[in-house]
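Peer 1: Numbering (the numbering used here), first residue to last: 30 to 102.
Even glycine gets a Cβ: it sits at the ideal position worked out from N, Cα and C.
No experiment lies behind these values; they were computed from the predicted model shown.
I'd like to ask some things about the structure below.
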Amino acid sequence: MSVKRLLVANRGEIAARVVRTARATGIETAVLRHPAEVDAPAHLLADDVVTIEGPTPVAAYLDIAQIVAIAQR
């Protein structure tokens, strides 16, 4: 089984590095973004940006059920 699409459920420079590496190997990427976040490098590099909901960015990124549901789409 080969990976065709990757959800990067991380933030900051780590997310940007993962997106760059995935893109270099031909893997399509999607990153998470909370409405309170300004455009980060990963948001600009990824093929798709998915909004994640929560009272704060930290709370949203800790909502594992929400992240898994997004990944299953």
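When we look at the beta-carbon of A65 and count the other beta-carbons within 10 Å, is it buried (16 or more) or exposed?
Peer 2: exposed
Peer 1: Which whole-angstrom value describes the C-beta separation of A94 and H63, a residue pair presumed to lie in contact below a C-beta threshold of 8 Å?
Peer 2: Actually they are not in contact, since the Cβ atoms of A94 and H63 sit about 16 Å apart, beyond 8 Å.
Peer 1: Going by beta-carbon coordinates alone, are I99 and V79 separated by less than 7 Å?
Peer 2: yes
Peer 1: Contact check, E57 vs R34 under 8 Å by CB: the rounded distance?
Peer 2: 5 Å
Peer 1: I'd like the ranges of any alpha helix (DSSP H) spanning at least 4 consecutive residues and lying wholly in the region 55 to 100.
Peer 2: Runs found: 70 to 74, 86 to 90, 93 to 100.
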